[in-house]
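Working notes, structure below.
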Amino acid sequence: MTAEAWQVTWFTIGVASLSTLLNLPAALALGWLLARREWRGKSLVETLVALPLVMPPVATGLLLLKLLGRHGPFGAWFAAHPGWEFVFTWRGVVLATAVMSFPLLARAARVAFEGVNPRLEQVARTLGAGPVRVFCSITLPLAARGIIAGAVLAFARALGEFGATIMVAGYIPGQTATLALSIYHLVQLNRDGEALQLLAVAVGIAFAAVWFGEWFLRRRRT
Amino acid sequence: MSVELSGLRLPLAHFTLEIDAVLEARMTAVFGASGSGKTSLLEIIAGLRRPAAGTVRVDGQVVADASQHLFLPPEQRAIGYVPQDGALFPHLSVRANLLYGWNPAAPRPAGLTFEHVTEVLEIAPLAERAPATLSAGEKQRVALGRALLAAPRLLLLDEPLAGLDLPLRERLLPYLLRVRDEFALPMIYVTHSPDEVIALCADVLVLEQGGLARRGKPADLFSPSATPRYELRPPPTS
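Here's what the structure looks like:
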C-alpha cells in the first residue's frame, strides 16, 4: 500500500474512533433521559435525534455547513472562541460523522437502558446507594452489552460516512480525505486499482469492528 | 421503633390509597388481596414513591411530608426493602450482592456481620455463585441477607414467599423467624397469605381498596380453616 493509502486508512479509523468517543457521553445521557424520565419536549427531541437517520446525508451536511460556516451561528462562535474552523478541516469530518452516527448510539443506549429492570435500581437506592452510584454500578453494567453493540454500529456508520462529510469538509487529500471519499475520488479518476485497495481496507476494518463487537458480547454473556 | 402514617394519600389506578396508622409492633403484617395497595404503601415508606398528601415519620423523623414538599430519598432513609422477586443484581456474585449496601461506618447491632448473617440464612456456601444459578428459595434468602447487611433500622418485606410453592414456603418461614428473633429488627411484612401472618406477625393491618379495613392481632382476625389453613374471620357483629 502507498503512504497515501496508509494515511487515509489511519485518518479514517481515527475520525471514526474520535466521533464515537465524543458521542458516547451525550448519547448515554440522552438515552438515559429518554428511557427513564418524562419531560416536556421529549418527543420533539426524539424526532430531532432521529432526523440524521432518515434525512439524506447530503441534506444534513448542507445544514451543518450553514450552521458551522464562518458566518453561521455556531461557526462564528467557534471561530472566535476556541479558534476552531470546521469547514474543509479534519474537525469538520469528525463533526459530520459524529452527527450522522449519533442517532444510532443514542437509540441503542435508550433501548439498553430500557432493558434494565427499574426495580434493581430502586433496591440499590434502598441499600444506601445514591443515584450516581446506582447508575455506575447497576444501570451501566447491565446496559453495557447494548451500548457496546450500538457503539460498534456508530463506529461503522462513521467509517462509511460520505454525504455529510463531503458537504462540510470536502475532499482534501491529506487533510479531510477518508476511505469513502478517497474511493469515490479514485474511481472518478479511473484509478480503480487504488480504489480496490482501499475497498479491501474498508472491508477489513468493518470486519474487525463487527468481530470485536460479537466477541465482546459473547465474553459478557458468560 | 415506630412508623407513623398520618393523612397519607396516593391516587392509584382504580382507587386512592388512604391510610392513618401508627405501626409499633416488632413485626407488622399488611394483609390484603393483590391490588389492594399493599405494595404502594411499602414503596411510600421506602421512599420509592411520593405520597400525594400526608406525612410519614420513622422513629419520629419526618421522611416524607407532602405539604412541606419534604421527601427524603431512599438512600438516606436506612429502610431495607425486599421485593417479591428478590431483585438480585444479575451481574454481581452473591457475595457482591450481599455486600452492596455494606457500610463499615454505619452503626449496626451486634451480630449483624457478614459471617453471622450468611450463617443464619445458610447462604455462606453460595457466596461465589452467580444469582442466575440459585434456586428461588436461595435467591430470597440472599435478598434478605443483602437487605440485612445494609444495617437498616426497618425492614420492608413485599410478599417474600409469594410465587414459591408450599413446601418451599414452609422451608423459608423458619429463616424469617430466625431473622426476626436474631437481629431484633422491626419489619413490615406484606402478604396475602394468612398462614404467614399467623406464623410471624403480632399486629395485622387489613387493606381493602386502598383503605385500612380492619386491624388487630392475628388470632382475632383469622380463624382456622382447611386450605389455606387460616382465613379472615367475619367482622364481629356488634
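Just so you know, the protein sequences line up as chains A and B, in that order. Heads up, our numbering is the position in the first sequence plus 9, with the first residue counted as 1. Heads up, our numbering is the position in the second sequence plus 1, with the first residue counted as 1. Ideal Cβ positions, reconstructed from N, Cα and C, are used throughout, including at glycine.
Run of the beta strand (DSSP E) containing residue i, from where it starts to where it stops
{"i": "Arg96 (chain B)", "result": "Looking at the DSSP string, Arg96 (chain B) is not in any beta strand (DSSP E); the run it does join, the alpha helix (DSSP H), is 95 to 99."}
{"i": "Arg216 (chain B)", "result": "212 to 217"}
{"i": "Ser224 (chain B)", "result": "223 to 225"}
{"i": "Glu55 (chain A)", "result": "Premise fails: Glu55 (chain A) lies in the alpha helix (DSSP H), 51 to 63, not in any beta strand (DSSP E)."}
{"i": "Gln62 (chain B)", "result": "62 to 66"}
{"i": "Thr29 (chain B)", "result": "28 to 32"}
Chain A residues whose Cβ lies nearer than 8 Å to that of residue i
{"i": "Ile80 (chain B)", "result": "Thr135"}
{"i": "Pro75 (chain B)", "result": "Gln131, Arg134, Thr135"}
{"i": "Arg147 (chain B)", "result": "Leu136"}
{"i": "Tyr190 (chain B)", "result": "Per Cβ cutoff of 8 Å: no residues; Tyr190 (chain B) is ~16 Å from chain A at best."}
Inter-residue Cα distance where the pair is residue i and residue j
{"i": "Ile181 (chain A)", "j": "Ala215 (chain A)", "result": "23 Å"}
{"i": "Pro65 (chain A)", "j": "Gly172 (chain A)", "result": "8 Å"}
{"i": "Ile147 (chain A)", "j": "Phe16 (chain B)", "result": "33 Å"}
{"i": "Leu208 (chain A)", "j": "Gly222 (chain A)", "result": "21 Å"}
{"i": "Thr21 (chain A)", "j": "Leu188 (chain A)", "result": "6 Å"}
{"i": "Gly48 (chain B)", "j": "Leu73 (chain A)", "result": "46 Å"}
{"i": "Thr231 (chain A)", "j": "Trp224 (chain A)", "result": "With a pLDDT of only 47 at Thr231 (chain A), under 50, the local geometry of the prediction cannot be trusted, and the value read off the model is given with reservation. Roughly 12 Å between the two C-alpha positions."}
{"i": "Leu205 (chain A)", "j": "Trp86 (chain A)", "result": "41 Å"}
{"i": "Ala12 (chain A)", "j": "Arg100 (chain A)", "result": "22 Å"}
{"i": "Pro34 (chain A)", "j": "Glu19 (chain B)", "result": "43 Å"}
{"i": "Ala117 (chain A)", "j": "Tyr231 (chain B)", "result": "51 Å"}
{"i": "Ala107 (chain A)", "j": "Trp48 (chain A)", "result": "25 Å"}
{"i": "Ala53 (chain B)", "j": "Ala65 (chain B)", "result": "10 Å"}
{"i": "Leu93 (chain B)", "j": "Gly155 (chain A)", "result": "18 Å"}
{"i": "Val249 (chain A)", "j": "Leu42 (chain A)", "result": "An answer regarding residue 249 (chain A) cannot be provided, because it is not within the stretch 10 to 231 covered by chain A."}
{"i": "Leu53 (chain A)", "j": "Leu60 (chain A)", "result": "11 Å"}
{"i": "Glu183 (chain A)", "j": "Thr18 (chain A)", "result": "In the sequence under discussion, the amino acid at residue 183 (chain A) is Gly, which differs from the Glu named in the question. Cα-Cα distance, rounded: 11 Å."}
{"i": "Asn104 (chain B)", "j": "Tyr176 (chain B)", "result": "24 Å"}
{"i": "Gln85 (chain B)", "j": "Ala163 (chain B)", "result": "7 Å"}
{"i": "Val120 (chain A)", "j": "Asp166 (chain B)", "result": "34 Å"}
{"i": "Met176 (chain A)", "j": "Leu226 (chain A)", "result": "36 Å"}
{"i": "Ala44 (chain A)", "j": "Gly159 (chain A)", "result": "15 Å"}
{"i": "Met28 (chain B)", "j": "Val141 (chain A)", "result": "33 Å"}
{"i": "Ala200 (chain B)", "j": "Pro237 (chain B)", "result": "23 Å"}
{"i": "Val198 (chain B)", "j": "Gly217 (chain B)", "result": "12 Å"}
{"i": "Glu5 (chain B)", "j": "Leu145 (chain B)", "result": "24 Å"}
{"i": "Ala4 (chain A)", "j": "Ala186 (chain A)", "result": "Any property of residue 4 (chain A) remains undetermined from this structure, which presents chain A solely from 10 to 231."}
{"i": "Ala26 (chain B)", "j": "Ala203 (chain B)", "result": "6 Å"}
{"i": "Gly50 (chain A)", "j": "Pro110 (chain B)", "result": "49 Å"}
Within chain A, partners of residue i - CB distance below 9 Å
{"i": "Leu177 (chain B)", "result": "Ordered by position in chain A, no residue passes the 9 Å Cβ test against Leu177 (chain B), which lies about 18 Å from the chain."}
{"i": "Ala151 (chain B)", "result": "Thr135, Leu136, Gly137"}
Span of the alpha helix (DSSP H), counted from its first residue to its last, around residue i
{"i": "Asp159 (chain B)", "result": "Asp159 (chain B) -> not in any alpha helix (DSSP H); beta strand (DSSP E) instead, spanning 155 to 159."}
{"i": "Asp196 (chain B)", "result": "195 to 201"}
{"i": "Tyr176 (chain B)", "result": "167 to 184"}
{"i": "Met176 (chain A)", "result": "172 to 178"}
{"i": "Phe20 (chain A)", "result": "12 to 45"}
{"i": "Val207 (chain B)", "result": "Unbroken run through Val207 (chain B) is the beta strand (DSSP E), 204 to 209; no alpha helix (DSSP H)."}
{"i": "Ala133 (chain A)", "result": "127 to 135"}
Where residue i falls: helix, strand or coil (DSSP)
{"i": "Phe83 (chain A)", "result": "helix"}
{"i": "Ser7 (chain B)", "result": "strand"}
{"i": "Thr231 (chain A)", "result": "Unreliable placement is indicated for Thr231 (chain A), whose pLDDT of 47 sits below 50; the coordinate value is still reported in the next sentence. In this structure, Thr231 (chain A) counts as coil in the three-state DSSP scheme."}
{"i": "Arg51 (chain B)", "result": "coil"}
{"i": "Tyr190 (chain B)", "result": "strand"}
{"i": "Thr134 (chain B)", "result": "helix"}
{"i": "Phe221 (chain A)", "result": "helix"}
{"i": "Glu123 (chain B)", "result": "coil"}
{"i": "Thr56 (chain B)", "result": "strand"}
{"i": "Pro112 (chain A)", "result": "helix"}
{"i": "Asp86 (chain B)", "result": "coil"}
{"i": "Phe144 (chain A)", "result": "helix"}
{"i": "Phe164 (chain A)", "result": "helix"}
{"i": "Ile181 (chain A)", "result": "coil"}
{"i": "Phe95 (chain A)", "result": "coil"}
Contact set between residue i and chain E, taken where Cβ atoms lie within less than 9 Å
{"i": "Ile175 (chain A)", "result": "Reference to chain E is not applicable here, since the protein chains of this structure are A and B."}
Proximal chain B residues relative to residue i, where beta-carbon distance stays under 7 Å
{"i": "Pro150 (chain A)", "result": "His92"}
{"i": "Ile147 (chain A)", "result": "Phe90"}
Under 8 Å from the C-beta of residue i: neighbouring residues of chain B
{"i": "Gly139 (chain A)", "result": "Pro74, Glu76"}
Beta-carbon neighbours of residue i, restricted to chain A and to distances below 7 Å
{"i": "Pro84 (chain B)", "result": "Arg128, Val132"}
{"i": "Leu49 (chain B)", "result": "Gln131"}
{"i": "Gly102 (chain B)", "result": "Leu136, Gly137"}
Does the segment 200 to 209 of chain B come into contact with the segment 97 to 107 of chain B, if we say contact requires no fewer than three beta-carbon pairs (one atom in each stretch) closer than 8 Å?
no
Counting pairs of Cβ atoms below 8 Å between the segment 175 to 183 of chain B and the segment 75 to 87 of chain B, do you hit three or more?
no
Check whether the segment 130 to 149 of chain A touches the segment 81 to 91 of chain B, counting contact only when three or more Cβ pairs, one atom from each stretch, lie closer than 8 Å.
yes
Touching or not, the segment 210 to 222 of chain B and the segment 59 to 75 of chain B, by the rule of three or more beta carbon pairs under 8 Å?
no
Does the segment 103 to 117 of chain B come close enough to the segment 149 to 164 of chain A that 3 or more CB-CB pairs lie under 8 Å?
no
Across the segment 28 to 39 of chain B and the segment 124 to 141 of chain B, are there enough close Cβ pairs to call them in contact, namely three or more that are closer than 8 Å?
no
Just checking, does the segment 76 to 94 of chain A make contact with the segment 188 to 198 of chain A on the three C-beta pairs under 8 Å criterion?
no
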